[in-house]
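Here the structure comes first, spelled out in structure tokens, and everything after it is commentary.
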Amino acid sequence: MIQDPIIALHDIGRRFGGQRILHNASFTLARGASCALLGASGSGKSTLLNIVGLLDRACEGKVYLDGRDMSTADADSRAITRNHLLGFVFQSFNLLPRLCALDNVALPLSYRGVPRAAAREAARVRLHSVGLLHKASSLPADLSGG
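This note's numbering numbers the first residue of the sequence shown as 14 and each following residue consecutively.
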């Protein structure tokens, strides 16, 4: 058993219409760990990630993030937790087309109330860490998806 997991899912179930997508899915991730979610197309990977990311709700089971039961949290609590605890990279980037890469990365911090200069500096650090600082002033349309 993992002590103090950052993510813990217990017996997650999800249906769309009459079709069961997830059944008794359980998963625990230790703080600081990383993992890969693999499976065939249509096997529920995106559904599971949307539940972990608080973008969707499970029909059954419990979702714990940083020790907090998010299974019955209201929309505001889910949004606040998502903003303060989670980072989510979508298959399609969902970047704002009129903002440069630096400002797109800084945007979530501004929603948290971080002053603009500090948010932009943190964004520079993040872009540097993934080798994209040289693209900081590029618009999303000018960035490669690969």
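By construction, the Cβ of each residue, glycine as well, lies at the ideal position given by its N, Cα and C atoms. Bear in mind that the values here come from a model prediction, so they are computed numbers and not experimental data.
Q: Following the continuous alpha helix (DSSP H) through Lys148, name the residue where it begins and the one where it ends.
A: Run containing Lys148: none; DSSP gives neither H nor E here.
Q. Which word fits Thr85, buried or exposed, when buried means at least 16 other C-beta atoms lie within 10 angstroms of its C-beta?
A. exposed
**Q.** DSSP-derived helix/strand/coil call for Asn96
**A.** helix
Q | beta strand (DSSP E) segment containing Arg27, residue limits | A | First-last of the beta strand (DSSP E) with Arg27: 18 to 29.
Q) Skipping 5 residues on each side, what residues in its chain have a beta carbon closer than 8 Å to that of Cys113? A) Leaving aside the five residues that flank Cys113 on each side, the residues in its chain whose CB is nearer than 8 Å to its CB run, in chain order, Ala149, Ser150, Ser151, Leu152.
Q | Host alpha helix (DSSP H) of Asn117 (start-end) | A | 114 to 124
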